[in-house]
Amino acid sequence: MSSVIYDAGVLVAADRSDRRIWAEHKARLEFGIVPSVPAPVVAQVSRSSQQVQLRRFLTGCAVVPLGEPEAHQAGRLLGRTRTTDVLDAVVVTVALRQKALILTDDGQDIRRLVAASGRSLVVLPV
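Written as structure tokens, this is what we have:
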């Protein structure tokens, strides 16, 4: 697995200038790994054009649109787990499609959604 998906926790940490997050992000880019961020996750975190660090961080990411098939898949995962966090389900759906690892601050919920998919993914803490 060489792809990685960032969840909202990663973007929040980057926006707060977390040095470790920035260093890991830079290392990924140097190895040719362009992290993906689902577009709805960007919407969750983006609050102002003044978030310079966030916008700078996102220039090194691929922002992935969410289409109808992915929206339905995310909804099915929520139904199977009886959970309600749409963004977590979207992150898992995009990661499943890309066969990517997930970098998250919400590992327990993400792992539950991954398990409900019947597939396996690597989930790493922020």
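If you want our numbering, it's the 1-based position in the sequence shown plus 910.
The beta-carbon is built from N, C-alpha and C at its ideal position, and this holds for glycine as well.
Annotated three-state conformation of ILE943 is coil, per DSSP. For ALA972, the uninterrupted beta strand (DSSP E) segment begins and ends at 972 to 974.
Contact between the segment 980 to 988 and the segment 956 to 963 is absent, with fewer than three C-beta pairs closer than 8 Å.
If you draw a straight line from the Cα of SER912 to the Cα of THR1003, it comes to about 17 Å. Assignment of beta-bridge partners to PRO948 by DSSP yields VAL974. When LEU1023, ILE1012, SER958 and ALA972 are compared, the shortest CA-CA separation from GLN983 is found for LEU1023.
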